[in-house]
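The structure appears right after this line, and notes come after that.
Protein chains: 2
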Amino acid sequence: MKLKSFEHFNCSLAQTLSVIGEHWTLLIVRDAFFGLRRFDQFQKSLGIARNVLSDRLKKLVQAGVLDKSEGPGHPEYRLTEKGLALQPILIAMTQWGDTYLPSPTGRRLTFVDRRDGKAIRPVGVQAADGRSLRPREIRARPGPGLRHKGQFDRSVPLEAIERGGGGSGDVR
Amino acid sequence: MKLKSFEHFNCSLAQTLSVIGEHWTLLIVRDAFFGLRRFDQFQKSLGIARNVLSDRLKKLVQAGVLDKSEGPGHPEYRLTEKGLALQPILIAMTQWGDTYLPSPTGRRLTFVDRRDGKAIRPVGVQAADGRSLRPREIRARPGPGLRHKGQFDRSVPLEAIERGGGGSGDVR
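Keeping their order, the protein sequence lines are chains G and A. The first sequence begins at 12 in my numbering and counts up by one. The second sequence begins at 12 in my numbering and counts up by one.
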């Protein structure tokens, strides 16, 4: 399976997908969060073909998500700061799966605060003052990095963004 | 490109990936958030092959992420509650792309609170009392839905979860 490049899309989500938008890639990152470091550990955990794993690890290192140790012995792969910053995404995806695709025997994993052992909050969207925002309460505002429509036809559909009173500009 | 099934993985993240873990799928969901409804709108926005789009839309409807209208005229696809609940994931992915894969000409989109026009906060992980948690401050605790190792070799690596003082049980 060839990884598709979405780098021509002028969209930050598409940029992110160009790095992590592939099944195995996110599961490798998950395993790195769980402390796996070596090729054989990832391979055993995921049951993935060695050439596919090799390719995905290489891409993650190139993208700066994983750092590969270059010393003697087996190389180790560790999350960089950029990789660690994926955690809210992974936890939000895990919580969504817990809610909508649950295990019949109960919760699989609970993420807890190390300090007091209490479960973390569901990852959500908050206003500047901390209020929780629901999807319809959020609007997308185009910035200088967004190319004009016509100039770049495959960008985010501008006609859907902040037109007039916010009718179709709502992110809903 | 065949969509890989990760349903045999006993992991909520893998379950989520089985629904949305493919490039086009998440970009279709993004466009639905921006108000696109019809096949031709998605096709024009994404420049995607019609048979691929058709397949992905069908899968999203089957998964309960999109609802397909069955009236006269062109069918319309709308996000269900389950689909709307993907928003924190999409926004977190967009913010990660803004930070680590930015456009050279500035921010592409800013998500703002409809009420006051102020930018939303970065999506992050919070403790029960609202404190922001960094990756090393979070631990994963196995629940009843997690099968035992040995019984199911491809589950989340149990050896990495909450062993003793939290050393390798940290999600980091």
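Idealized CB from N, CA, C, for every residue including glycine. From a predicted model like this one, the values you see are computed outputs, not experimental measurements.
Query raised in the report: From F113(G) to F45(G), what does the alpha carbon distance come to, in whole angstroms?
Result: The count along the first sequence starts at 1 and reaches residue 113(G) at position 102. The count along the first sequence starts at 1 and reaches residue 45(G) at position 34. Going by the sequence as given, residue 113(G) is Pro instead of Phe. Whole-angstrom Cα-Cα distance: 21 Å.
Requested in this report: Select from R118(A), S29(A), A151(A), L90(A) the residue whose C-alpha is nearest the C-alpha of D78(A).
Outcome: Residue numbering aside, residue 78(A) sits at position 67 when the second sequence is read from its first letter. It is L90(A).
Query - the region 102–116 of chain G contacting the region 24–39 of chain A, beta-carbon criterion three pairs below 8 Å - result: yes
Query raised in the report: Where do the N-terminal and C-terminal ends of the alpha helix (DSSP H) with I100(G) fall, by residue?
Result: The sequence position of residue 100(G) within the first sequence is 89, counting from 1. Going by DSSP, I100(G) is part of the alpha helix (DSSP H) stretching over 98–111.
Requested in this report: Return the Cβ separation of L97(A) and R41(G) in integer angstroms, given the expectation that the two are a contact with Cβ distance under 8 Å.
Outcome: Within the second sequence, residue 97(A) is the residue found at index 86, counting from 1. Within the first sequence, residue 41(G) is the residue found at index 30, counting from 1. 18 Å between Cβ atoms; not a contact.
Query - Straight-line gap, K129(A) to T116(A) (C-alpha atoms, nearest Å) - result: Taking the second sequence and counting its residues from 1, one reaches residue 129(A) at position 118. Taking the second sequence and counting its residues from 1, one reaches residue 116(A) at position 105. Rounded to whole angstroms, K129(A) to T116(A) spans 21 Å at the Cα level.
Query raised in the report: Would you call the CB atoms of R48(A) and Y111(A) closer than 7 Å?
Result: As a first step, residue 48(A) is located in the second sequence; it is residue number 37 there, counting from the start. As a first step, residue 111(A) is located in the second sequence; it is residue number 100 there, counting from the start. Going by C-beta atoms, R48(A) is not nearer than 7 Å to Y111(A).
Requested in this report: For S65(A), go through chain G and note every residue whose CB falls closer than 9 Å to its CB, in chain order.
Outcome: Here the question's residue 65(A) lines up with position 54 in the second sequence. What S65(A) touches in chain G: nothing, since even the nearest Cβ is about 17 Å away.
Query - Alpha carbon of G156(A) to alpha carbon of T27(A), nearest angstrom - result: Within the second sequence, residue 156(A) is the residue found at index 145, counting from 1. Within the second sequence, residue 27(A) is the residue found at index 16, counting from 1. Answer to the nearest angstrom: the Cα atoms are 16 Å apart.
Query raised in the report: If we ignore side chains and look at the alpha-carbon of each, how far apart do T36(A) and R132(A) end up?
Result: Translated into the one-based positions of the second sequence, residue 36(A) becomes position 25. Translated into the one-based positions of the second sequence, residue 132(A) becomes position 121. Approximately 26 Å, taken between the alpha carbons.
Query raised in the report: For a contact meaning CB atoms closer than 7 Å, what does P83(G) contact in chain A?
Result: Along the first sequence, one-based indexing puts residue 83(G) at 72. Those within 7 Å of P83(G) in chain A number zero; the least Cβ separation is about 23 Å.
Query raised in the report: What residues match up with E148(A) in a beta bridge as DSSP calls it?
Result: As a position in the second sequence, residue 148(A) is number 137, starting the count at 1. Bridge partners of E148(A): none, in fact.
Report task. Would you mind working out which of I100(A), I149(A), T121(A) sits nearest D109(A), comparing C-alpha positions? Result -> Position 98 of the second sequence holds residue 109(A). Looking at the Cα atoms, T121(A) is the closest of the given residues.
Requested in this report: Express the C-alpha separation of L64(A) and V76(A) in angstroms, rounding to a whole number.
Outcome: Stepping through the second sequence from its first residue, residue 76(A) is reached at position 65. Stepping through the second sequence from its first residue, residue 64(A) is reached at position 53. The alpha-carbon atoms of V76(A) and L64(A) are separated by roughly 15 Å.
Query raised in the report: Whose Cβ in chain G lies nearer than 8 Å to the Cβ of Q54(A)?
Result: By one-based count along the second sequence, residue 54(A) stands at place 43. Those within 8 Å of Q54(A) in chain G number zero; the least Cβ separation is about 11 Å.
**Report entry** Straight-line Cα distance separating N21(A) from Q73(G)
**Finding:** The count along the first sequence starts at 1 and reaches residue 73(G) at position 62. The count along the second sequence starts at 1 and reaches residue 21(A) at position 10. Cα-Cα distance, rounded: 29 Å.
**Report entry** Reduced DSSP secondary structure (H/G/I, E/B, other) of A130(G)
**Finding:** Counted from its first residue, the first sequence places residue 130(G) at position 119. It is a strand residue.
Requested in this report: Would you please verify whether the beta carbon of A190(G) is less than 7 Å from any beta carbon of chain A?
Outcome: This structure cannot speak to residue 190(G), because chain G is shown only from 12 to 183.
Query - Q137(A) - partner residues in DSSP beta bridges - result: Looking up residue 137(A) in the second sequence gives position 126. DSSP output for Q137(A) lists S143(A) as bridge partner(s).
Query raised in the report: Hey, does P146(G) have any beta-carbon neighbour from chain A nearer than 7 Å?
Result: Counting from 1 along the first sequence, the entry for residue 146(G) is found at position 135. Yes, because at least one Cβ of chain A sits closer than 7 Å to the Cβ of P146(G).
Query - V40(G) at chain A interface by Cβ criterion, 7 Å - result: In the first sequence, residue 40(G) corresponds to position 29, counting from 1. No, V40(G) does not count as interfacial toward chain A.
Query - Alpha-carbon to alpha-carbon, R67(G) and R126(A) - result: Along the second sequence, read from residue 1 onward, the residue named residue 126(A) stands at position 115. Along the first sequence, read from residue 1 onward, the residue named residue 67(G) stands at position 56. Their Cα atoms are separated by approximately 42 Å.
Query raised in the report: Taking all protein chains shown into account, do 16 or more other C-beta atoms lie within 10 angstroms of the C-beta of V136(A), making it buried, or fewer, making it exposed?
Result: Residue mapping note: residue 136(A) aligns to position 125 of the second sequence, counting from 1. Buried: at least 16 other Cβ atoms inside 10 Å.
Report task. Return the bridge partner residues of T121(G) from the DSSP annotation. Result -> On the first sequence, residue 121(G) is found 110 positions in, with the first residue counted as 1. BP columns for T121(G) point to R152(A).
Query raised in the report: So the alpha helix (DSSP H) L24(A) belongs to, where does it begin and stop?
Result: If you number the second sequence from 1, residue 24(A) lands on position 13. 23–31 is the span of the alpha helix (DSSP H), which, as asked, contains L24(A).
Query raised in the report: By the 10 Å Cβ neighbour count, where 16 or more other Cβ atoms means buried, how is D124(G) classified, buried or exposed?
Result: In the first sequence, residue 124(G) corresponds to position 113, counting from 1. Within a 10 Å sphere around the beta-carbon of D124(G) sit 16 or more other beta-carbons, which makes this residue buried.
Report task. Closer than 9 Å by beta-carbon distance: list the chain G residues that pair up with Q73(A), in chain order. Result -> Position 62 of the second sequence holds residue 73(A). Within 9 Å Cβ-Cβ: nothing; Q73(A) doesn't reach chain G, min ~13 Å.
Query raised in the report: Are the beta-carbon atoms belonging to F50(G) and I39(G) less than 7 Å from one another?
Result: Here residue 50(G) refers to the residue found at position 39 when the first sequence is read from its first residue. Here residue 39(G) refers to the residue found at position 28 when the first sequence is read from its first residue. Cβ atoms of F50(G) and I39(G): not closer than 7 Å.
Requested in this report: Find the residues of chain G that neighbour D109(A), judging by a C-beta separation of less than 8 Å, and give them in chain order.
Outcome: Translated into positions along the second sequence, residue 109(A) becomes position 98. Per Cβ cutoff of 8 Å: S23.
Requested in this report: Please say whether V134(A) and P83(G) have beta carbons closer to each other than 7 Å?
Outcome: Taking the first sequence and counting its residues from 1, one reaches residue 83(G) at position 72. Taking the second sequence and counting its residues from 1, one reaches residue 134(A) at position 123. Not in contact: P83(G) and V134(A) (Cβ atoms no closer than 7 Å).
Query raised in the report: The alpha helix (DSSP H) with L47(A) in it runs from where to where?
Result: Your numbering for residue 47(A) matches position 36 in the second sequence. Boundaries for L47(A): no alpha helix (DSSP H) harbours it, and the DSSP string shows neither H nor E there.
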